[in-house]
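Visitor: Residue numbers 40 to 333, in this note's numbering, belong to the letters of the sequence shown in order.
Starting off with a structure, shown below.
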Amino acid sequence: MEWFWLVAGISFLATMTLALLLPGRFVPRNLPPADVERRRLQLEMAKTFAEALGGAFVLVTLLLAWQQVVSTQDQVEVARQGQITERFTRAVDQVGSDNVTVRVGGIYALESIARDSRQDRKAIMESLASFLRQKSPVVDTPNTRDWQAARSQMAPADVEAAAIVIGRRNREDEIKSDSVCSSLNSPDSVCTLSLRGVNLSSINLNDMDFSQMDLRGARFNHSNIPFGSFRNSNMQGADFRGANLRLAEVTNASLLNSYLELANLHLVEGLTCQQLQSSHDHGAGAANLTIRCP
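So this is what it looks like as structure tokens:
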């Protein structure tokens, strides 16, 4: 900041000096030698030079001030990015902790960073999806598992936290498409995240957004998902037995070979007979259906 005022002061002194010394040099020599007329012309030229140089001084001062503002903003942004990087590193360390409470804190810290840093949002959500795939994988098949037992089993707190953070993520930067998600790894994929083969049973996921995701083989036994969105998601082989999907949306989602026994499908938006008939047992055991299929 000191250099700024030093340059401004030097510029001001230079302006005044030039305004006083230059006028006399530009007075034409062939004018009549009347001192009054010569003095008047010198004063007029001095005034003109002073105004011009004063304007130049103001312009230089404004440019220097703008440069200072830009430099300050750059320094603030660098400091902010440094803080975000530090927060991200600390949160990732917490998610890797052996203490479940610390892991939950780290997960919500990542959510906070995702809100503050748009450029890190996608990476954070992908990290949490990877955490769920590793921490809570489906370990058996729907045909061999006693899915009713999931009613009395509470989901781990860190798994629930990660699922909630993903479900309420900001989607403004995600690619929107009317095509069904096929696979996250396919060249023309429109999938946003992959929770393929993740066990999310017995979790309260009210009004969560799982649209445009790869949910193949995922498990939602006895989970509470009213008003949830599965629009354009690939839910082939997903297990929703005993889940509450009241007023959820499944528009253009794939329910091929999904399990819907005792799933509450009351007023589910976008549900079609074709989707039901493609599911396991053709959706025969689903509860509270509000559509009639032949």
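Ideal placement from N, C-alpha and C gives every residue a C-beta, glycine not left out.
Model, not experiment: these values are computed from the prediction.
Can you list, in chain order, the residues of its chain whose CB lies under 7 Å from that of N243, leaving out five sequence neighbours each side?
Guide: N263
Visitor: Measuring alpha carbon to alpha carbon, tell me which of E83, N238, L295 ends up nearest R172.
Guide: Closest by C-alpha distance to R172, out of E83, N238, L295, is N238.
Visitor: Quick check on the burial criterion: 16 or more other C-beta atoms within 10 angstroms. Buried or exposed for I214?
Guide: By the neighbour-count criterion, in which a residue is buried when 16 or more other Cβ atoms sit within 10 angstroms of its Cβ, I214 is exposed.
Visitor: Assuming G276 and N296 form a contact by the criterion Cβ under 8 Å, report the distance between their Cβ atoms to the nearest whole angstrom.
Guide: 5 Å
Visitor: Can you name, in chain order, every residue of its own chain whose Cβ lies under 6 Å from the Cβ of D246, other than the five neighbours on each side?
Guide: F266
Visitor: Pull the bridge partners of D212 from the DSSP assignment, please.
Guide: Bridge partners of D212: none, in fact.
Visitor: Closest to D197 by CA distance: which of D217, Y147, P181 is it?
Guide: Y147
Visitor: What is the C-beta distance between S241 and S272, in whole angstroms, given that I count them as a contact (C-beta under 8 Å)?
Guide: 20 Å between Cβ atoms; not a contact.
Visitor: Would you check if the distance between the CB atom of D320 and the CB atom of L294 is smaller than 9 Å?
Guide: At least 9 Å separates the beta-carbon of D320 from that of L294.
Visitor: What is the DSSP secondary structure of E300, counted as helix, strand or coil?
Guide: coil
Visitor: At which residues does the alpha helix (DSSP H) containing I205 begin and terminate?
Guide: 196 to 206
Visitor: Below 8 Å CB to CB, which residues in the same chain sit around G236 once its five sequence neighbours on both sides are set aside?
Guide: Excluding sequence neighbours, G236 sits near R172, P176, V177, R255, G256, A257.
Visitor: Any idea if N138 is buried or exposed, counting beta-carbon neighbours within 10 angstroms, 16 or more meaning buried?
Guide: By the 10 Å Cβ count, N138 comes out exposed.
Visitor: For T128, count the other beta carbons within 10 Å of its own beta carbon; 16 or more makes it buried, fewer makes it exposed. Which is it?
Guide: exposed
Visitor: Is it buried or exposed, V289, if we count other Cβ atoms within 10 angstroms and call 16 or more buried?
Guide: buried
Visitor: Specify the secondary structure class of S293 as computed by DSSP and reduced to three states.
Guide: strand
Visitor: Compare the C-alpha of D159 against each of T311, G322, N209 and name the closest.
Guide: N209
Visitor: Distance, Cα to Cα, C335 vs T180?
Guide: This structure cannot settle anything about residue 335, because the visible part of the chain is limited to 40 through 333.
Visitor: What first and last residue would you give for the alpha helix (DSSP H) that runs through D155?
Guide: For D155, the enclosing alpha helix (DSSP H) starts and ends at 139 to 155.
Visitor: Check each candidate in S156, M193, A202 and name the one with the smallest Cα separation from S169.
Guide: A202
Visitor: Answer yes or no: do D253 and L284 have a C-beta to C-beta separation smaller than 9 Å?
Guide: no
Visitor: Is L328 close to chain B, meaning its C-beta is less than 9 Å from at least one C-beta of that chain?
Guide: Here chain B cannot be found, since the structure has a single protein chain.
Visitor: Comparing alpha-carbon positions, which option in N291, Q122, G281, P195 lies nearest S317?
Guide: N291
Visitor: How many angstroms separate the CA atom of A287 from the CA atom of S216?
Guide: 19 Å
Visitor: Which whole-angstrom value describes the C-beta separation of L167 and I205, a residue pair presumed to lie in contact below a C-beta threshold of 8 Å?
Guide: 6 Å
Visitor: Using the three-state DSSP reduction, which class does A277 fall into: helix, strand or coil?
Guide: Judged by DSSP in its simplified three-state form, A277 adopts coil rather than helix or strand.
Visitor: Which whole-angstrom value is the C-beta distance of G101 and M164, which I expect to be below 8 Å?
Guide: Looking at the sequence provided, one finds Leu at residue 101 rather than Gly. Not confirmed; about 44 Å, so no contact.
Visitor: What's the C-alpha gap between D132 and V229?
Guide: Roughly 31 Å between the two C-alpha positions.
Visitor: Suppose you measure from the CA of D212 to the CA of N327; what does that come to, to the nearest Å?
Guide: 36 Å
Visitor: Could you say which of G281, S268, N260, F279 lies nearest to A334 if we only look at CA atoms?
Guide: The displayed coordinates of the chain run from 40 to 333. Any statement about residue 334 would go beyond what the structure contains.
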